[in-house]
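Enquirer:
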Amino acid sequence: MSVEFEQIEVEDDGARPDPIPPSPQIAAVDEEISRRFAKRTGTMHAFLSEWLKLDDSQDLMFGAIGVKGENYFQHILAKNDLELGLALANICGYFAQTEISERIMRFMTHVDQGGNNLWHYLAACLNYSET
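Residue numbering for the sequence shown follows the numbering used here, starting at -16 and increasing by one per position.
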């Protein structure tokens, strides 16, 4: 069985087309993180480490699905947000060794509606950041 992957289009001048618009769930996670992080000092990584200890925050972030079936991490990479993407990767590495490891693994191995996983989004994001 072969799986076809949806390709992220790149314009002739190297620019990406408009980013994936956020679903209401993705927008809610963005709003929550932005609102709470604005009240803090320190790094995004430190903030997320504390924020994700709250069950409601875990449900919000791990349950958010975008308009193309992407999860929050994939959406962040599709927006070329390397800073938040790196913070999410670090957080997932930490929480993968805790009691929520299965949830983290599902989050990290999520496949969108086009059959694309996290590695597809990461490769596209890194490729875009190098152009």
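Just so you know, even glycine gets a beta-carbon here, dropped at the ideal spot from N, CA and C.
1) Between which two residues does the alpha helix (DSSP H) holding Ile3 run?
2) Looking at the structure shown, is Ile83 part of a helix, part of a strand, or coil, going by DSSP?
3) Using 9 Å as the threshold, is the C-beta distance between His58 and Ile16 below it?
4) Can you find the residues in the same chain that come closer than 7 Å, C-beta to C-beta, to Gln80, ignoring five residues on each side of it along the sequence?
5) Using a Cβ-Cβ cutoff of less than 8 Å, which residues in the same chain neighbour Glu66 once the five nearest sequence positions on both sides are dropped?
6) Let me know if Asp39 comes out buried or exposed under the rule of 16 or more other beta-carbons within 10 Å of its beta-carbon.
7) For Met88 and Cys75, what's the separation of their Cα atoms in angstroms?
8) Hey, how far is the Cα of Gly98 from the Cα of Gly25?
9) According to DSSP, Ile48 sits in a beta bridge with which residue or residues?
10) Report the rounded CA-to-CA distance for Ala61 versus Glu33, giving the unit in angstroms.
11) By the three-class DSSP mapping on this structure, what secondary structure does Val94 have?
12) Determine the closest residue to Asn63 out of Cys108, Asp13, Glu113, Gln8, with distance taken between C-alpha atoms.
Expert: Concretely, from the data shown:
1) In this chain, Ile3 is not harboured by any alpha helix (DSSP H), its DSSP state being neither H nor E.
2) In this structure, DSSP gives Ile83 a state outside helix and strand, which the three-state scheme calls coil.
3) Taking 9 Å as the cut-off, the beta carbon of His58 is found no closer than this to the beta carbon of Ile16.
4) Scanning its chain for C-beta atoms nearer than 7 Å, with the 5 sequence neighbours on each side dropped, one finds no residue around Gln80.
5) For Glu66, the CB contacts under 8 Å within the same chain, skipping 5 residues up- and downstream, are Met27 in chain order.
6) Exposed.
7) Straight-line measurement puts the Cα of Cys75 at about 8 Å from the Cα of Met88.
8) One C-alpha to the other measures close to 36 Å.
9) Bridge partners of Ile48: Asn54.
10) Computed Cα separation, rounded: 25 Å.
11) Val94: coil per DSSP, three-state reduction.
12) From the listed residues Cys108, Asp13, Glu113, Gln8, the smallest Cα separation to Asn63 is found for Cys108.
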